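Chemist:
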Amino acid sequence: MSATIADPRSPFSAPRRKGPNLEKWGWVYMRASGLVLVVLIFGHLFVNLLTGDGIRQIDFAFVAGKLSSPFWQWWDVAMLWLALIHGGNGMRTIVNDYVTHATTRRVLVWAIWIVSAFLILLGTLVVFTFDPCLGVTSDSVMWEVCQ
1 MSATIADPRS PFSAPRRKGP NLEKWGWVYM RASGLVLVVL IFGHLFVNLL
51 TGDGIRQIDF AFVAGKLSSP FWQWWDVAML WLALIHGGNG MRTIVNDYVT
101 HATTRRVLVW AIWIVSAFLI LLGTLVVFTF DPCLGVTSDS VMWEVCQ
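Heads up: the sequence shown begins at 1 in UniProt numbering, then just goes up one per residue.
1) Suppose you measure from the CA of residue 138 to the CA of residue 20; what does that come to, to the nearest Å?
2) Would you give the residue range spanned by the alpha helix (DSSP H) that residue 46 belongs to?
3) With a cut-off of 8 Å on the beta carbons, I'd call residue 40 and residue 130 a contact; round off their distance for me.
4) Which runs of the alpha helix (DSSP H), 4 residues or longer, sit entirely within the segment 52 to 86?
5) Taking contact to mean 3 or more Cβ pairs, one atom from each stretch, closer than 8 Å, check whether the segment 93 to 113 and the segment 53 to 60 are in contact.
6) Please give me, in chain order, every unbroken run of the alpha helix (DSSP H) with length at least 4 that falls completely inside the segment 18 to 45.
7) Which value, in whole angstroms, describes the spacing of the CA atoms of residue 119 and residue 85?
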């Protein structure tokens, strides 16, 4: 008597679709964005923690000074976008691997991308519209700087 055992966690075998292989490009993106993120994150940590006065230099003025520079704005936005898309793609992969019900999987994947898109939009707006003088009054320590 011979019995076959189904492959683990494969509820169905989908036929090969025509068109671009999105899973392959997602895999390539994860590797490429991971390498770029290593450079961006270690550059960020080096500038914030090892140059100047080290960790003692990080305060509101330091962050405001960094966010006033277009170079650091684009550095932070690149790090934000790559990290959130990288994380969203990783979460999508986990959902695809472990959620077997098709409707639940679709809802979770959509939720992941909607939340990621919202955080990317919100983070980008914060970086490019940051104004350290917003709401400063005459009794604030920032009053002289913002005049």
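Glycine included, C-beta positions come from ideal geometry on N, C-alpha and C.
These numbers were taken from a predicted model, which means no experiment stands behind them.
Modeler: Reading from the atomic positions:
1) Going by C-alpha positions, residue 138 is about 59 Å away from residue 20.
2) Counting along the chain, residue 46 falls outside any alpha helix (DSSP H), and DSSP gives it neither H nor E.
3) Rounded, the Cβ-Cβ distance is 19 Å, inconsistent with contact.
4) 60 to 67
5) Contact between the segment 93 to 113 and the segment 53 to 60 is absent, with fewer than three C-beta pairs closer than 8 Å.
6) With a minimum length of 4 residues, the continuous alpha helix (DSSP H) runs that stay inside the segment 18 to 45 are 22 to 45.
7) Approximately 10 Å between the Cα atoms of the pair.
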